[in-house]
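If you read the sequence shown in our numbering, its first letter stands for residue 813, the second for the next number, and so on. Where a beta carbon is used, it is the ideal one built from N, C-alpha and C, also for glycine. Notes to accompany the following structure.
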Amino acid sequence: MLIDSHIHIFPDPLAPKVIPKLAAVSGYDNQTDGTLSSTLEKMREWGVDKGVFLNIATKPSQQKSINDFCASIASDTVIPFGSVHPDAPDWEAELERIAALGLKGIKLHPDYQDFDMDEPRVLPIFQKARDLDLCVVVHAGFDPLSPKHIHCRPSACRQVLDACPGLKLILAHMGGMRLWDDVERWLVGAPVWLDTACCAGQIDPIQLERIIKAHGADKILFASDCPWSDPRTEKVMIEALDLSDSEKEAIFSGNISRLLRL
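Take a look at the structure:
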C-alpha cells in the first residue's frame, strides 16, 4: 500500500489558470494538469493507492467554496483536507463545518495566507482544530513565493506544539524546507509528524536518515507535493535509506492510516 499524504488539485475550471502561474513561481514542472481526473490517472500509473488532497484558502472569501469542493470529491481513494484563512472573521464556525462535513483535517500555508507560525492570532486556530480532532498540515520552511521571509520556522513550530498539547500537527517538507539543521534542533523527538513532500533532491540522504531515526519512523509520512514532484522519486529516496522493511511500510502507508483512522 502506498498513500501519498500531500497532493494538490484544483477545480477543473481553475486548474488551467492556476497551474501555469504556480509553475512559474516555483520553478517546478507540473506532473499533472492539476485536475482530479488527471491526478487519479497518474496515481494509478505511479502505483499510489490513496492520497491526501490538500487545498488552501488563500483569501478569506474562499473558505466555503474550497471546503464544499473538498467534501464533493471525497472517496476511499481521495482523502481531502479543507482550509480556513486566519483573516476570516468566521474561521471558527468554518472549522466546525469542516468537521461536520467529515473532512479529516485542514491545510494552512503561512506564505500564501500571510502569517507567521508563531503569531498569537493563529494559535486559537490550532487549539480549535485540536478540540475538533482535526489534523493540521502546515507548509514549513522555505517557499519560492516569499524566499526572503520564512513564515514557518522549526523554532516557531515548537512554540505552537508546546502551547497546544494534543494537536495533530503535520509539518510538510520534513519540518522545514532547507532548514533541516533547525529541524534537528527544535523538532526531532517532538509530538509532530513530518512529511517527505518535495524532499528528494533537496535534503542530504544522510541527514534525512538521521532525522528519521532520531525522530522515529512512526512519525514520518510519505508525501510528494504532487503535481510539483513525482511520488516515485520520493519513494526511491525512502527505499534507499537504511531502515527496516516495517519502518518503510509505516512511512509509506501505516502511519497516515493510523493518524487518519483510514
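Between residue 953 and residue 997, the gap from beta carbon to beta carbon reaches 8 Å or more. A distance below 6 Å between beta-carbons, with the five flanking residues on each side excluded, links residue 1032 to the following residues of its chain, in chain order: 1006, 1024 and 1063.
In this structure, the beta-carbon distance from residue 971 to residue 930 falls below 8 Å. Non-local beta-carbon contacts of residue 900 in its own chain, meaning distances under 6 Å to residues more than five positions away in sequence, involve 872 and 875 in chain order. DSSP places residue 986 in the helix class (H, G or I) of the three-state scheme.
In terms of Cα proximity to residue 1052, the closest of 893, 864 and 1020 is 1020. About 7 Å separates the beta carbon of residue 1036 from that of residue 819, a gap short enough to meet the 8 Å contact definition.
Listed as beta-bridge partners of residue 848 by DSSP are no residues whatsoever.
Here residue 893 is near residue 866, since their CB atoms are less than 8 Å apart.
Beta-bridge pairing by DSSP links residue 863 to 816 and 890. In this structure, 839 is the residue among 839, 827 and 822 with its C-alpha nearest to the C-alpha of residue 1041.
Leaving aside the five residues that flank residue 886 on each side, the residues in its chain whose CB is nearer than 8 Å to its CB run, in chain order, 892, 914 and 915. Per DSSP, reduced to three states, the secondary structure at residue 1005 is strand. Under DSSP, residue 871 takes part in no beta bridge, so it has no partner. In this structure, the alpha-carbon of residue 870 lies about 20 Å from that of residue 932. Comparing C-alpha distances from residue 951 to each of 944, 1065 and 969 shows the shortest one belongs to 969. Inter-segment contact for the stretch 999-1013 and the stretch 821-828 is absent: fewer than three beta-carbon pairs are separated by less than 8 Å. Between residue 877 and residue 923, the C-beta spacing is not below 8 Å. In the DSSP assignment, residue 907 falls within the unbroken alpha helix (DSSP H) covering 903-912.
In the structure shown, residue 973 falls within a helical segment according to DSSP collapsed to helix, strand and coil.
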